[in-house]
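These notes are about the structure you will find just below.
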Amino acid sequence: ALGRLMGEITEGRSEMEFQEKANFETLTAMIDCSRNGVMKIDHLKYWVRRMALMGFNGLTLYTEDTYEVPGEPYFGYLRGRYTTAELRELDRYASALGIEVFPCIQTLAHLEQILKWDVYKDLQDTPDILLVGEEKTYELLEKMITAASKPFRSKRIHIGMDEAHGLGTGHYKEKHGERSRFDIMNEHLHRVVEICKRHGLHPMIWSDMYFRLGSKTGDYYDRDSVIPQNVIHQIPEEVSLVYWDYYHTDYDFYAEWIERHRVLKRDLVVAPAAWTWNRFWTLLPYTFATIEPCLQACKDAQVKEILLTLWGDDGAECDFDSSLPALQFCAEHRYSADVDPDLLRRNFRAICGEDFDLCVKASELDAVPGLVNPQQDAVNLSKWLLWDDPLLGTWHNQLSDSPVPQKEIGGISELEKHYADLSQVLFEVAKQPISGVVSHPTGPGKMSQSFGHAAQLARVLSLKHNLREKLVTAYHRKDLAKLRKYLREEIPSLKSEVEKLWRSHRALWMRDRKPFGWEVLELRYGGLMARLDTLRERIEMFVQGEYKSIPEFDTQPMPPYPKSMKSLPVLGYRQIVTPSTVI
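The sequence shown begins at 1 in the numbering used here and counts up by one.
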């Protein structure tokens with residue numbers, strides 16, 4: 001209500017009357033702190049203040065290894081782990097604002113950051129899955145659960161257990177032979193739940209493994225998936241099931257899957273997502289397109305608990321502050337039958353001090369006009385274009401056969417113009433002072449740095465997108481004059497702008513996150529700048545006659561994916577940067 005009141009005040013209203021009733025008992029945000037980016041406690045407090053005003057009442061930090069476990073020094077070693085004292089401080093602060101903080105860990109899979117250490121080699125089933133059934137495994141899990149829950153007054157705990165695709169197929173199979181994976185899963189879950197019960201904790205798990213194991217294809221969303229009744233009966237009654245779904249845009253699918261979960265007769269939590277992973281700015285159009293039908297179905301089915309996830313897969317390149325409009329959107333759903341677009345924008349400006357539509361505009365780093373449908377397509381185009389090798393151009397070849405605009409307007413490609421125009425808009429936004437009621441401890445213009453970084457990325461993409469194609473064309477035409485021009489102007493200019501982008505990203509990271517993990521992204525920027533230097537040198541030597549050819553430019557280009565694809569895939573850095581698997 002206070003956030004709504006602030007929204008009305010910023011519009012100059014001195015008198016108002018409204019009523020609000022929560023559609024969901026809990027609205028929680030989950031922040032990924034395991035993919036290199038560990039958010040600083042001060043920045044989490046900034047988030048907590050805004051979440052409280054929006055209408056959230058829960059926060060959980062996804063920590064695979066980034067929390068302190070007494071007696072286990074390799075947990076979060078050089079990864080920015082939270083100390084118990086830090087988490088207690090966060091808990092006290094959030095509790096005072098009506099927000100419950102509880103742990104979100106992993107107790108089966110997604111543990112490669114821990115299991116890679118030699119001291120845990122005896123606890124591996126596969127490189128990322130614990131060896132279940134071993135007493136040493138449960139001794140470690142008891143330490144983990146105790147340590148993860150200790151800082152918080154809440155008795156809730158998320159114990160993970162998703163995407164354990166290789167469960168029972170590694171060292172477990174060597175020791176025990178082939179066994180039903182349903183049985184392995186349930187036996188392990190019972191052991192972990194017993195630990196939780198001893199500590200007075202109420203666990204929840206991601207639900208996908210039950211549906212995957214019941215599917216012939218291993219697909220979570222397989223309509224032909226069948227979970228046997230005897231398996232359903234074996235799921236511990238104390239466990240809440242978290243149905244996560246970040247992909248569907250149709251109401252009927254969510255309604256059906258909520259009902260499929262209800263058949264399991266366990267408390268249900270539904271988890272949509274803000275599309276923060278594998279990109280630099282939250283893909284807000286697609287986020288809204290997936291959250292809208294999800295939360296409408298939840299309201300109609302009287303689902304009581306919502307968990308909005310913010311993932312950081314592939315290095316946490318994304319500025320999580322760009323997802324604040326998604327949080328506001330979810331909060332509006334909590335207190336209304338339908339989201340009022342004007343109220344949404346007023347409340348967001350009052351609470352976050354930013355223009356909602358300009359935040360969405362920055363999503364055009366990926367949601368490029370000309371794609372099949374930006375609200376139906378999750379492509380991370382800005383990541384493709386930034387990390388695509390400037391000499392090899394692996395993914396530029398894909399774009400020539402894609403729905404992305406390629407025609408030229410006034411001598412530059414449509415995509416170049418898009419990014420140049422977007423950069424100009426975002427640089428102007430970055431200059432604007434903050435206009436909301438709530439200020440940030442570091443001063444006005446909190447998101448100006450975020451917009452400035454997004455603007456710099458757009459500038460780099462406008463320069464980089466078509467550079468290789470220009471170079472290859474001049475090379476094949478033996479137009480040495482043009483190649484010399486590119487050596488003097490375009491290549492040095494691009495390298496200079498990439499360096500600015502690296503510095504901009506570093507400043508943003510160090511402001512909001514612990515320094516650990518930044519080394520991964522710094523290596524990416526360093527690699528790109530080194531490759532630009534190699535590009536310059538190789539063309540220079542060709543122009544001077546020291547090279548008779550440039551083999552990278554002579555290779556016949558081929559698209560990595562079929563031309564018949566209707567949309568572009570979401571790619572990680574390793575897929576983009578080189579055709580080699582050695583990196």
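Even for Gly, the Cβ is constructed at its ideal location relative to N, Cα and C. Treat the numbers as computed from the prediction; the structure is a model and nothing was measured.
If you draw a straight line from the Cα of Leu123 to the Cα of Gly170, it is about 11 Å long. One Cα belongs to Leu241, the other to Phe102, and the distance between them is close to 16 Å. Runs of the beta strand (DSSP E) lying entirely within the segment 159-244, each at least 3 residues long, are 202-206 and 240-244 in chain order. A contact between stretches requires three or more CB pairs, one per stretch, nearer than 8 Å, and the segment 356-369 meets this requirement with the segment 272-291.
When the beta-carbon positions are compared, Arg531 and Asp388 stay at least 8 Å from each other. Just so you know, the alpha carbons of Leu501 and Pro70 end up roughly 39 Å apart. By the neighbour-count criterion, in which 16 or more other beta carbons inside 10 Å mark a residue as buried, His233 falls on the exposed side. Here Phe280 is not near Ile31, since their CB atoms are 8 Å or more apart. Within the segment 36-98, the runs of beta strand (DSSP E) at least 3 residues long that lie entirely inside it are, in chain order, 58-62.
Take Ala94, set aside five residues on each side of it, and the residues of its chain with a beta-carbon closer than 7 Å to its own are Val48, Leu59 and Val101, in chain order. The three-state secondary structure of Arg513, taken from DSSP, is strand.
Glu540 and Gln556 have their C-alpha atoms spaced approximately 22 Å apart. Excluding its 5 nearest sequence neighbours in each direction, Val193 has C-beta neighbours in its own chain below 7 Å: Pro203, Pro236, Glu238 and Val239, listed in chain order. Counting every other CB atom within 10 Å of its CB across the protein chains shown gives Phe451 a total of 16 or more, marking it as buried. Bridge pairing for Ile576: absent [DSSP]. DSSP, reduced to helix, strand and coil, places Met30 within a strand of the structure shown. From the listed residues Arg35, Ala29 and Met39, the smallest Cα separation to Phe56 is found for Ala29. Under the three-state reduction of DSSP output, Gln544 falls in the coil class, being neither helix nor strand. For the pair Val226 and Asn186, the CB atoms are not nearer than the 8 Å cut-off.
The three-state secondary structure of Thr126, taken from DSSP, is strand.
The beta carbon of Tyr67 is closer than 6 Å to those of Arg81, Tyr82 and Ala148 in its chain, skipping five residues each way along the sequence.
Leaving aside the five residues that flank Met51 on each side, the residues in its chain whose CB is nearer than 7 Å to its CB run, in chain order, Ala29, Leu59, Ile99 and Leu327.
Taking all protein chains shown into account, Thr290 has 16 or more neighbouring C-beta atoms within 10 Å of its C-beta and is therefore buried. Taking the Cα positions, Leu358 is about 8 Å away from Val429. Under the DSSP assignment, Glu142 falls in the alpha helix (DSSP H) whose first and last residues are Glu135 to Ser149. Assignment of Glu522 by DSSP, reduced to helix, strand and coil, places it in the helix class. At a Cβ-Cβ threshold of 8 Å, Gln424 and Leu508 do not count as neighbours. Between Leu415 and His465, the C-beta gap is smaller than 8 Å, which places the two residues in contact. Remark: fewer than three beta-carbon pairs, one from each stretch, lie closer than 8 Å, so the segment 71-78 and the segment 546-553 are not flagged as touching. When DSSP reads this structure, Cys104 sits in a beta bridge with Tyr62 and His158.
Runs of the alpha helix (DSSP H) spanning 4 or more residues and lying entirely within the segment 320-365 occur at 324-334, 341-352 and 356-362, in chain order.
Counting every other CB atom within 10 Å of its CB across the protein chains shown gives Gly545 a total below 16, marking it as exposed. DSSP, reduced to helix, strand and coil, places Ser567 outside both helices and strands of the structure shown, so it counts as coil.
Going by DSSP, Leu268 is part of the beta strand (DSSP E) stretching over Leu268 to Ala271. In this structure, Asn397 lies near Pro559, with their beta-carbon atoms less than 8 Å apart. Residue nearest to Leu310 within the set Leu480, Ala271, Ser413 and Met209 is Ala271 (criterion: CA-CA distance).
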